[in-house]
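Trainee:
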Amino acid sequence: MINLIVDLNIQGKSVLVIGAGVEGTRKVRALLGQGCKSITVISNRFNRSLLDLARDGSIRLVKRRIKDPSILDEFEKPFLVMAATNDKVLNRSIVERAKSMGILAYAADDPAISDFIHPAVINIHNTLFIAISTRGSSPAMARTLRIKAERVLKRLIREEDIEMIRLADYARSIAMRHISDIHARKDYIYSVIRDREIVDMLKGKRLEEARARALALLSSYGGSVR
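This note's numbering puts the first residue of the sequence shown at 104, with every later residue one more than the last.
1. Relative to the C-alpha of Gly239, which candidate in Ile250, Pro222, Ile233 has its C-alpha closest?
2. Looking only at its own chain, which residues have a Cβ that is under 7 Å from the Cβ of Met267, when we skip the five neighbours before and after it?
3. How would you write the range of the alpha helix (DSSP H) that Lys166 sits in, first residue to last?
4. Just confirm the distance between the C-beta atoms of Ile225 and Leu256, as a whole number of angstroms; I'd bet it's less than 8 Å.
5. Hey, could you find the ends of the alpha helix (DSSP H) Tyr324 is sitting in?
6. Leu111 and Phe219 - do their beta-carbons sit closer together than 8 Å?
7. As a quick exercise: from Leu154, Val125, Arg167, Thr128, pick the residue whose alpha carbon is nearest that of Ile145.
8. With distances taken between CB atoms, is the gap from Ala204 to Ile121 smaller than 8 Å?
9. Measure from the alpha carbon of Thr188 to the alpha carbon of each residue in Glu177, Ala211, His281, then state which is nearest.
10. Fully enclosed by the stretch 188 to 213, which beta strand (DSSP E) runs are 3 residues long or longer?
11. On a CA-only basis, which of Lys202, Ala234, Arg200 is nearest Ile108? Give me that one, please.
12. What residues in its chain sit with their C-beta under 7 Å from that of Leu135, if we drop five residues either side in the sequence?
13. Determine the direct distance from the alpha carbon of Ile265 to that of Asp290, and round the result to whole angstroms.
14. The beta strand (DSSP E) that contains Thr143, what's its start and end?
15. From the DSSP secondary-structure annotation, give me the bridge partner or partners of Met185.
16. Taking the alpha-carbon positions, what's the Leu207 to Val302 distance?
17. State the Cα-Cα distance for the pair Val131 and Ile142, rounded to the nearest angstrom.
18. If you compare alpha carbons, which of Arg195, Leu248, Ala315, Leu156 is closest to Thr237?
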């Protein structure tokens, strides 16, 4: 099975997590900070971690014994359903029901039936995200390799690299407004990334100077900011 790795935007979306064990809690933690409209967790019992998150308003807990996929009918249609009970057959039936309702669905223990696979992710300063996936063959190995790779990557990727990502985002937003030709926009952004003066400014934490230099380069590509 070959999967397309995508970065799913769930900002402003409602998510339903069914099951509150180890996997359910892990999925909830992955959802936090993604800007979801709501995260609702359904289970007949909850651990302290989830109770604490519910107390501070980060998630909503619904205490219910989950017997079959009809439980989905009791809730307003979410954007995403994540089945994470300890019953694989139940998880599969929940995913199948969610799909029939036009809902994006994922089972923690059944990548073959899921609409997507949830990879292990390395998060560097909330700016660079690197996914490690075994295509569902071994989530445990994906997590193990993430830990190994994270140690190396956090040494390899420097603070100025992170600042360059942020500056490139700034340059891209300027280019979209002031450079009409798509090829010129692309060339401009690469010129910012490769500019030695900008690289040195970022190394020296002279961020405003780097922004000014990025603006100055704009005129070479048919753009200008007044």
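For every residue, glycine included, the Cβ atom is placed at its ideal position computed from N, Cα and C. Keep in mind that this is a model prediction, so the values were computed, not measured.
Mentor: According to the data block:
1. Pro222
2. Ile296, Leu305
3. From DSSP, Lys166 is part of no alpha helix (DSSP H) but of the beta strand (DSSP E) over 163 to 166.
4. 6 Å
5. Where Tyr324 is concerned, there is no enclosing alpha helix (DSSP H), given that its DSSP letter is neither H nor E.
6. yes
7. Arg167
8. Just to set this straight, residue 204 is Met in the shown sequence, not Ala. Not in contact: Met204 and Ile121 (Cβ atoms no closer than 8 Å).
9. Ala211
10. 207 to 210
11. Ala234
12. Ser161
13. 20 Å
14. 141 to 146
15. Val120, Tyr209
16. 42 Å
17. 8 Å
18. Leu248
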